[in-house]
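Here is the structure we will look at.
Residue numbers (my numbering): 157 to 254.
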């Protein structure tokens, strides 16, 4: 797949995930413990994706892309699950995931 097409797909997935999330309200706590957990788990997933890609990919940007895609996928899945009625979907949570 050409690089430009991959960027379009990635942006479409990100925007689609944001469409699933409700708008973050001004009263939502952007610095709460929940957001720190989202950030920490995102870092762990991204680092794990990077580490798992090391034996298969030579360039560091490729490994970083795998880690970033893992974080994006996990964030979209979690907020999508919340949007289906299993939680409270939030753009702030998604932002901290990324």
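C-beta atoms are modelled at their ideal positions from N, C-alpha and C, and glycine is treated no differently.
Mind checking which residues open and close the alpha helix (DSSP H) that includes residue i?
i, result
"residue 187", "Careful: residue 187 lies outside any alpha helix (DSSP H) and carries neither H nor E."
"residue 222", "216 to 237"
What distance in whole Å lies between the Cβ atoms of residue j and residue i, which are believed to be in contact at a cut-off of 8 Å?
i, j, result
"residue 227", "residue 254", "6 Å"
"residue 231", "residue 237", "About 11 Å; that fails the 8 Å criterion."
"residue 191", "residue 233", "Between residue 233 and residue 191 the Cβ distance is about 18 Å, and since that is not below 8 Å, they are no contact."
From residue i to residue j, what does the alpha carbon distance come to, in whole angstroms?
i, j, result
"residue 187", "residue 213", "36 Å"
"residue 185", "residue 251", "13 Å"
"residue 229", "residue 206", "14 Å"
"residue 202", "residue 241", "27 Å"
"residue 204", "residue 223", "7 Å"
"residue 200", "residue 193", "10 Å"
Put residue i into one of helix, strand or coil per three-state DSSP.
i, result
"residue 244", "coil"
"residue 197", "helix"
"residue 208", "helix"
Excluding the five sequence neighbours on either side, which residues of its own chain have a C-beta within less than 7 Å of the C-beta of residue i, listed in chain order?
i, result
"residue 219", "206, 209, 210, 213"
Near residue i, which residues of its chain fall below 6 Å by C-beta distance, leaving aside the five closest residues on each side in sequence?
i, result
"residue 195", "252"
Considering only residues of the same chain and omitting the five flanking positions on each side of residue i, which have a CB-CB separation below 8 Å?
i, result
"residue 197", "230, 253"
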